[in-house]
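Top line first, the protein sequences correspond to chains A, Y and E. Residue numbers for the first sequence follow this note's numbering, so the first one is 2 and each next one is one higher. Residue numbers for the second sequence follow this note's numbering, so the first one is 38 and each next one is one higher. Residue numbers for the third sequence follow this note's numbering, so the first one is 63 and each next one is one higher. Notes follow once the structure below has been shown.
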Amino acid sequence: MTPVDGAGASNPNLPVDRAVTVGREPSSSPEQIPQLAEVDCPPELQERIEALMARYPERKSASIPALWAVQERYGWCTPEGIRQAAAVMRVTPAYLESVASFYDLLHTSRVGAHRIEVCTNISCWMRGGDELLDAFRAAAEGEDVFVTGFECLGACDIAPMASIDQRYFGPLVPGEAQTAIDQLLSEDAVLPEKSLERRPLAGDTEVPR
Amino acid sequence: MSHEKREVTVTIDGREVTAIEGEMLHDAARKGDVEIPVFCYEPKLGAPVGACRMCLVEIEGIPKLQTSCSTPVRDGMVVHTRTDQVKKAQNAVVEFLLVNHPLDCPVCDKGGECPLQDITQGWGPGKSRVIDEKRHFEKPIELSPLVAIDRERCILCYRCVRFSQEVSEDAQLQLLERGDRTYVGTFDDRPYVSPFHGNITDLCPVGALTNYTYRFRARPWDIEQAGSVCTLCPSQCNVSFTVRDEKVKRVLARENPGVDDGWICDRGRYGFEMFAAAERVTEPRTKGGTKVSYEDAIARAAAGLAARDGKVAAIVGDASNEEGFLVQGIVRGALHSPHLDSRPAAGPGIDAILDLARPELQATVTDIDDADVILVLGTDPLQSSPILDLRIRKAIRRSGARLAVATERPTALDGGAEAIARYAPGQASYFIGALTAAVASGAENVATPLAESLRDAGKIVIVWGERLGASATNELLGLARALDVDGPKTGLSDGFSAHQQVGLLEVPEVANARGLREAGVLPDAGPGLAALAVNGYGTEAIREALIDRSLDGLILVGVDPLRDFADTSRWEEAINAASFVVCFSTFATATAAKADVLFPLETHAEKDGTVTHPDGRLQRVRPAAGRPGDIRPGWQTLANLSLALGHDTGVTSQPTAFAALTAAVPFYASITESNIGGRGIRWQETESGASVPDAGIASADARSRRVSGESTPASGTSTAAPGAATDSPDTQRDSASAEAVAAPGAPELTLGTYRDLWAGPITELNPPLKFLKPSQRLELSPEDAERLELAPGDPVRVSQGDKSIDATVTVHERIPAGVCFLAEGIAGANANALLNGHQVNVQIEKRSEVPA
Amino acid sequence: MPHALETRVLLEHAEDPRLATLQGYKELVDGYSTLEKAYRSMEQDEVLKALEDSGLRGRGGAGFAMGKKASFLPRGDMEKYLCCNADESEPGAFKDRELMQRNPHQLIEGIAIAALAAGIGRAFIFIRGEYDRQADILDAAVLEAYEAGYLGEDILGTHRNLELVVHRGAGAYICGEETALLDALEGKRGNPRLKPPFPAVQGLYGGPTLINNVETLSNVPRIVAKGADWFRQYGTEQSPGTKVVSISGGVRRPGNYEISLGLPTRDLIYELAGGPLPGRSVKAIYPGGSSSPVLTAAEAMDLPYSFEAMAEAGSMLGSGSVIVADDTVSIPHMALRTARFYHHESCGKCTPCREGTNWTVKMLERVVRGEATPMDLDIISSVQENIMGHCLCVLGDSMAMPVSAMVRKFRGEFEQVMAAGEAEHGIDPHLVVDLSPEALGAAS
């Protein structure tokens, strides 16, 4: 019987890596904790992050607020912004990127000038959240507006609802998506009648018939 | 520190197991031969994370299953690891891990040595119910030029990222995204580059992290593993060579808690490709590169050396104890010359060496783990003994040790230090003198803040660099004496706790420095550090004697003075002046090219021999791979050369060479190959360990007087006793200069140099690490950079007298004004060219163009 | 006007916008008088005893006795912390949002008094990043409280100190898990920690830490002001007090209603929330947020709304959030929505949760696409069992409990959906297996 054994074979389809033969070169430079002088951090961002760090017994606690500050400044957590915050906080940019990428509201890639989160979780879904999301997506087509479906935003009382630039609106009907985006782009007040703040306490509302 | 650990008894699967209170259940079970499978658990990575859930067990009295990796044992605990409930959990976890893990085992390098395969086989459900699509990633991705990542194989055990946070503390490797979208990565997809990052490939329990140097090169069943010791630096980490067809394909860490904690640096891991470099010397040669037979080469060498009887000197660097011992036999026995050394620069005299060799003053590597204070003095462990850097970090992080750093140049450990002192290059002995005074008498001086951090420490470990130099080493002994208040008193204790104890651990310049000294490769001591009738010249005196022709022949073993020694042009003059040079070299270096007879040296993958760790641990380097070309063992060549010179050593094999060594070194007498074993043995802990010679002066009082700095002719120190020194105008002046305050507008800066981890053959002759080859950088303080109108990246010429080298400016916030730094050993721009054995000031001028 | 079945305590005057200001809070509900009394004239143990005696159970989900939790903190000079868990993210829950938005000072006063009870000098409100408006309101209120001397150093000249910082999260449900909250507050990824050690022993920055929900802490001022007996007049023996209940989904008047615990579930849904939408009927409810095992309408309606009654019925009161599924809702689709949520929110740290939620979603997607067989329902149930009790924190179980309840109680509906799909696709995926490398996951 002939033994079947490829041990010791050297397969031309799997050549010795070039790391062994000529050496690999890194694609870009590694990044450790950047020095402040290297990152050109805007002074107001630096001051803000330093003030945030001062609120906590340990400076690392300021990482989420600092990333919020970066996002506010640049529209998203840009690599440059993360490096600036890292230099101020004396942590590695990798650490801050790791933190930022964990959280849904911090964006590590470019998003639009405006952000709309449409709830598609259970209560909103039951009341048309999916259709509302579709409507927002269609209305935002071609505009500098970032629309995403989102998990429960904690406003099932106004389902289906959306958070538009961090403010809650609902209950919305699909037709209001276009209105909201038009108002947003023309810097008008967005759907003032549907703002959560206008909503009375549940027990004070009339029973709809 | 020595609170007794209580023993407890736990019952695991019906077996009574004796464990230490507080020990994790997983570890206790192992003592009872009960294996509990784990993926994420690895005590070396810090506190358990309990993430993989593989180690769930049933503990009586607790309704829910518990992770055995994170549950400390309690007396009387009853544990079950094979009940239906536990099996169900184990099956579930394995099944869950395979939901997303691709079954590409046939083409996975981990196949056959994969914990996931093993645990699936041993604890899995035995069948698959998953038909859904698995997650996909682009693959493989270059995580670094050395490590590939196949993300879809990753089971998110956290090991690699914990290594980056908790061990190397570089925090570059992180988890990104969340949930089952989580992946391991770096900031902005930058490469992960840290001197230790290769360890993540050892840690990975699946084939997600693989070495480019090993991908598709072998299967686990056609390789052999061979344990040995890495001698690329004094850390002497224990390694295991993966050998296929007699060639090294991979280097793995081989855990030895007394040496390395199971980590190795990337030099040790990826340096092996240079063993096969074209520049390797693979057969004896004569000048001009003509290959000759060993017999011919030995005859020529013997003839040339014998003709210069009494006028030959030897310098030894990279060599085993046996090789060092044989060289000293040749020089002293066959050539009747006392001139030999194993140090690149003038070192302390034998009295100081004997004091440093006293077992009670010796700190071991494990002493770092439970030190209260660690003082890093005159060395940057990361550059010179990388694995100590990790050890010190671990002591700070895991045991709350406090760190004080006193160096010329900023070190990698500064971030974790409680006190940092910077002294100017050349000012180490004055600084240590000041520190001793501050410690002993509470003197207020530049070293007072550092002295404060040594206050009230029970256990102090001083990690010090050989490059401190002779007089600073003598001062160091005075400091140790002042700190060690249990020992003979030399000053007022002034608030220091009465039980303070201090140990010293040297970071020498060459890997086997201690072994070579103890084997007798010193100008003023023979084997066993024995006193000599006639003392010879040390390294620098040998150089001068060659130039003035009072010496004529030179034997160089594993050294490259034209690269590694200070004042390279003077060395060139000296070697040119020697009329006969015998060189033993691994590579065809500039020095080797000047040899009349050149012999090859083995690498640590090929060599058989012993080496001695800086803490006195004898370890065995074992031959793992075949010797390329016609290379013969170093002991054999040296024994034959000795024989040809009429000096019969009786050495006919490595064991006989080792026997000759242990016979000649009294404190090695009870060391055998078997008690060295796989983990080495510290000679201080053997029966013969007490046979280390006394410093030669009978009374302890006299010794204490000597070590505290009072005149010691042999060591050539000229400073006064530290207690008195602080008040002397001299010391005050020097203390001020220790702060390196340069006069405004001074055109010159004091030059400091350092050994760069990556300079030398390791990056020049070794393709995998080529990307790390350093270029010369002039490190400046921001103040000096501004004053000299230099910006980072500017090309400059750095000159000292008529010698100059080119460099690129970098500005470093932690460098004091008035000093600048260059790296030694950089091909084409070697800082050693500017040094002359004294404090050196350099001039800096901006070059207009960057040379192509 | 509140409905007669409501008992407004925490929501007293909540309809009045002035309540959100310090002045309004003082005028309308005699705000901060309890803080003054406690700080000026009460000892730590006295405050703690009032809380313990009240039997107040945590309103965040687990329902653990709040006073007892506070008593677990060690005494001594070490730095101790209080974290208010305002990361309300459980689908169906929105009561903390209402409490913070309408009455932020009630929470701040509660935090200050609870801190006194546990000897704590530093407090944080961890509020989910989505609640940006509510965080702004809290920030303003905290500033007012500092200015009025109710926070900061030497509060009211009593030599007692309390620093309070409003810390915004950034969108991760898992941060509502108390140890994940601590990691997030320390600036890390919000991964749950191993327990033990419990936060009361080793929590934020390694110090003893008390973590309480917004509603729990909002209850504190009145309990300390009016006493345990007053508090116990509401609710049941084992569930004393009132509860703000969020009702949403298929009802006419979704919203927050404050009730005395023990009110019949039927009243909650039909009387307060107005019952199902016209022409529809209630099919099932999640009685305590999306992680509670669903109850069929028949099971639920006659139960008193209390911690113990819900537990007895095999479900839980959780955070007190009722989601009503009417007869138009497809239960398999609802199971998928639920599973998707937990899959999305799983932090990924532990294997059963990370992979179990992922696998469950994939299987449920096959179910609703009609690409599954009854065997898959068994696998789904088995996978839920394999998750439960094996995870690092409760998130995995939070999916497993409702999903397995849905499969068990509505198996017929699952089979129907699958059958419809199968007819459409005409193939049985278990017979025709795609052998392409992509499908097998064996990437090249």
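Virtual Cβ for every residue (Gly too), placed ideally from N, Cα, C.
Cβ-Cβ separation, residue j to residue i (assumed contact under 8 angstroms), whole Å
| i | j | result |
| --- | --- | --- |
| Y:ASN358 | Y:LEU698 | 6 angstroms |
| Y:GLU445 | Y:ALA456 | Rounded, the Cβ-Cβ distance is 16 angstroms, inconsistent with contact. |
| Y:ASP597 | Y:THR626 | 5 angstroms |
| E:ALA100 | E:VAL286 | 6 angstroms |
| Y:ASP843 | Y:PRO832 | 7 angstroms |
Burial state of residue i, where buried means 16 or more other Cβ atoms lie within 10 Å
| i | result |
| --- | --- |
| Y:THR800 | buried |
| E:PHE134 | exposed |
| Y:PRO798 | buried |
| Y:LYS101 | exposed |
| Y:VAL879 | buried |
| E:GLU160 | buried |
| Y:TRP258 | exposed |
| A:GLU98 | buried |
| E:HIS221 | exposed |
| Y:HIS373 | exposed |
| A:LEU37 | exposed |
Own chain partners of residue i with C-beta closer than 8 angstroms, once the 5 adjacent residues on each side are dropped
| i | result |
| --- | --- |
| A:ARG74 | PRO43, LEU46 and GLY82 |
| Y:LEU140 | none |
| A:THR93 | GLU32, GLN33, ILE34 and ALA87 |
Separation of residue j from residue i, as counted between CA atoms
| i | j | result |
| --- | --- | --- |
| A:VAL146 | A:ALA114 | 6 angstroms |
| Y:GLN122 | Y:ALA129 | 11 angstroms |
| Y:ASP298 | Y:ARG287 | 19 angstroms |
| E:LEU325 | E:THR69 | 10 angstroms |
| Y:ALA263 | E:LYS131 | 57 angstroms |
| Y:ALA314 | Y:ASN803 | 7 angstroms |
| A:ASN122 | E:GLU239 | 19 angstroms |
| E:TYR267 | A:GLU59 | 8 angstroms |
| Y:ARG306 | Y:LEU427 | 16 angstroms |
| A:HIS108 | A:VAL148 | 13 angstroms |
| Y:CYS194 | Y:PHE76 | 6 angstroms |
| E:LEU81 | E:HIS167 | 8 angstroms |
| Y:ILE718 | Y:SER711 | 10 angstroms |
| A:ILE50 | A:SER64 | 9 angstroms |
| A:ASP18 | Y:ASP146 | 13 angstroms |
One or two residues paired with residue i in a DSSP bridge
| i | result |
| --- | --- |
| E:PRO326 | E:PRO366 |
| Y:THR55 | Y:THR46 |
| Y:SER841 | Y:SER836 |
| Y:GLN262 | Y:THR279 |
| Y:CYS267 | Beta-bridge pairing links Y:CYS267 to no other residue. |
| Y:VAL596 | Note: Y:VAL596 sits in no beta bridge, so no partner. |
Cβ shell of residue i (< 6 angstroms), same chain only, five flanking positions each side left out
| i | result |
| --- | --- |
| E:SER377 | PRO349, SER354, PRO355 and LEU357 |
| Y:THR48 | VAL115 |
| E:GLU333 | LEU67 |
Same chain only: Cβ atoms within 7 angstroms of residue i, ignoring 5 sequence neighbours per side
| i | result |
| --- | --- |
| Y:ASP239 | LEU289 and ALA290 |
| E:GLU114 | GLY129, LYS130 and SER133 |
Test: residue i CB closer than 8 angstroms to a CB of chain C
| i | result |
| --- | --- |
| A:LEU154 | In the structure shown, chain C does not exist; the protein chains are A, Y and E. |
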